[in-house]
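Heads up: the protein sequence lines correspond to chains W and A, in order. For the first sequence, the positions run 3 to 322 when the numbering used here is used. For the second sequence, the positions run 548 to 793 when the numbering used here is used.
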Amino acid sequence: MILVVIEHADKTVKKVSLEALTLAKDIAGKLGTGVAALSIGAIDGAGQLGKYGADTCFVVEHENLSSFDSTNYTSAITQVAKAKDASIVILSHTSTGKSLAGRLAVQTDAGVLTGVNQFAGLEGEQLVLKKPVFAGKGIATYQLRATKAVFTLMGNAVQPKELGSECPVESFAVEVATPQTKVLKIDRVKGKVPLPEAEIVVSAGRGMKGPENWGIIEELADELGATTACSRPVADMDWRPHNEHVGQTGIAISPNLYIAAGISGAIQHLAGVNSSKNIVVINKDPEAPFFKAADYGVVGDLFEVVPRLTEAIRKYKSSH
Amino acid sequence: MNILVCISKTPETTAPIDFTPDGKELKTEGMNYILNPYDEWYALVRALELKEQNGGAVHVIHVGPAANDIIIRKALAIGADEAYRVDCDPKDAWMVASEVGAFAKEHAYDIIFTGKETLDYAGALVPGMIAELLGVPFISFANHLEYENGKIICQREIEGGYEEVEAPMPLVVSAAKGLAEQRIPNMRGIMMAKRKPLNVIEPQCVSPKQTLTGYEKPPQRTGVKLIDPENMDELVRLLHEEAKVI
């Protein structure tokens, strides 16, 4: 059985988990086994996960799991995995998934890989998985034992597919001690999709000339339902918060659409974004290296082009 | 306060990456390696600051062959007191973590730091594995850390925000940007580093948990399509009809 650990915020299942279920269903079909979802904490519409591939959804609720603690979460997942004889555990490649994969692999004595963006089939008893390496400058192929594996799946790597019908929901009792760590406070930006999960990202760099000019970028992002990002120099100058910095030393992203305005495209920036499925570059310098890595380019003054693009999208949306 | 900082090497960030024609190996000829920035700029420097405030010692550990001594000397030049190198060429995170875990079990460290990931394979697996081997808490992606009343208070990066966590020592912390400010080694540090102990330890040599079978280059983009800056309706049309993203 393949166990998919569900991520959720405010009881709503995240899209990355629907992607993980879709991939799990694909792998389970090839292995001739089933898929179970596991949610730590209550979620709305747990039965709906059946539509994306889960045969059962297990829900674990315990006061000692009310906030994230890597020891307790690992213990809870291990207890379910052992009781249900899970051969593969799939996590999302998020701060939570990345914090659990190593612990879980040690505790369950499993093979492990993080940042997977493709399942390339089976080779005998081995899962063949691919992931971007060297900040996207290469792709590496790995093999993990299909009988005992843990991996994390990158956001936007799989298109979630609604196939089946609702599945049964079962609560599962675990034993966990009082957590050693205590979460004191959570600060989350409301209403925005986090960068690694965003399907559309609008990013800007030094060409913006100053933080006071970011209004046009935010308007474009709002019109597209996109998340905003920035280049490293802009984060270093504190024009934008550090958690918006995408690139080799920032966040690596692979959205369906990446729009970059006023970013020249240094190799370290490209490294973090070149897994994006489509790239639009807006820059007044026709020699900007980013144009070589782009699908669509606009050579022009971003202060004119960006508002014009926002307007064109607004017009398109009102006529569709 | 006794602190262990795990350090690794990574190709320099502007290095061109290429593979052998059979796709089996990374071409390493002429490749420049650096101390992994998350280990150097954030983990090591925060460890040194904690030692400066509270006393104790900062040790660094590296799992790798003697050719990597140059990056270990850099960590000593920045200010680490003593270094350990486990003499093997690890194939994956598990081989690194099991060596560090075995070493740390024999020593009483209050904090074990790692960078949040290495720039090359970005696995982010080593710190969680060490924490599991030692049975201690693990705080990942810390961008702020204070020592207060015998406890560690961290701010860590989570999706779309931050979380503030309190944890007892000993613990494992993985360092993200913001945890400290980069320190450049000075001439005195470089001279002193030559006399600091660099101890070589025999490896345990466990089997890896993953097998890398080959590499390929990412698919090339077919070339940029230039759009008239006056005609953004055309760009919107292409994004809808051709790219199918809106």
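The beta-carbon is built from N, C-alpha and C at its ideal position, and this holds for glycine as well.
Sequence-distant Cβ neighbours of Tyr54 (chain W) in its own chain, meaning closer than 8 angstroms and more than five residues away, are Leu20, Leu23, Thr24, Lys27, Pro162, Lys163, Glu164, Leu165 and Gly166.
Boundaries of the beta strand (DSSP E) harbouring Val7 (chain W): Ile4 to Ile8, taken from the DSSP string.
Per the C-alpha coordinates, the member of A:Lys621, A:Glu679 and A:Trp588 positioned closest to Ser645 (chain A) is A:Glu679.
Relative to Ala44 (chain W), the option among W:Pro288, W:Ser89, W:Arg234 and W:Glu172 whose CA is nearest is W:Glu172. Of all residues in the stretch 601-615 of chain A, none has a C-beta nearer than 7 angstroms to a C-beta of chain W. Note on the stretch 119-180 of chain W: whole beta strand (DSSP E) runs with a minimum of 3 residues are 120-125, 128-135, 140-147, 151-155 and 171-173, in chain order.
Residue pairing by DSSP places Ala689 (chain A) opposite A:Arg703 and A:Ala722 in a beta bridge.
Secondary structure at Ile45 (chain W): coil, using DSSP grouped into helix, strand and coil. Counting of Cβ neighbours within 10 angstroms places Cys553 (chain A) among the buried residues, the total reaching 16 or more. Gly217 (chain W): member of the alpha helix (DSSP H) spanning Gly217 to Leu226, first to last residue. For Val18 (chain W), the uninterrupted alpha helix (DSSP H) run begins and ends at Lys17 to Leu33, by DSSP.
Burial state of Cys752 (chain A) is exposed, judged by a 10 Å Cβ sphere holding fewer than 16 other Cβ atoms. Pro744 (chain A) and Gly31 (chain W) have their C-alpha atoms roughly 55 angstroms apart.
Residue state for Glu63 (chain W) is assigned as coil, using DSSP reduced to three classes. Nearest CB-CB separation between Leu692 (chain A) and chain W: not below the 8 angstroms threshold. Nearest CB-CB separation between Met779 (chain A) and chain W: below the 8 angstroms threshold.
Take Glu713 (chain A), set aside five residues on each side of it, and the residues of its chain with a beta-carbon closer than 6 angstroms to its own are Lys698 and Ile700, in chain order. If you draw a 10 Å sphere on the C-beta of Leu186 (chain W), you find fewer than 16 other C-beta atoms in it, and that means exposed. Just so you know, the alpha carbons of Asp57 (chain W) and Pro170 (chain W) end up roughly 7 angstroms apart.
C-alpha of Pro766 (chain A) to C-alpha of Lys279 (chain W): approximately 11 angstroms in a straight line. Between Met676 (chain A) and the set A:Leu692, A:Leu718, A:Pro750 and A:Ala590, the nearest pair of CA atoms involves A:Leu718.
For Leu745 (chain A), the enclosing beta strand (DSSP E) has its first and last residue at Leu745 to Ile748. Remark: fewer than three beta-carbon pairs, one from each stretch, lie closer than 8 angstroms, so the stretch 200-215 of chain W and the stretch 100-108 of chain W are not flagged as touching. The Cβ atoms of Val301 (chain W) and Pro674 (chain A) do not sit closer than 8 angstroms to each other. With respect to the C-alpha of Arg620 (chain A), the residue from A:Arg742, A:Asn778, A:Ala590 and A:Phe650 having the closest C-alpha is A:Arg742. The beta strand (DSSP E) runs of length 3 or more contained entirely in the stretch 251-318 of chain W are, from start to end of the chain, 259-263, 281-285 and 298-301.
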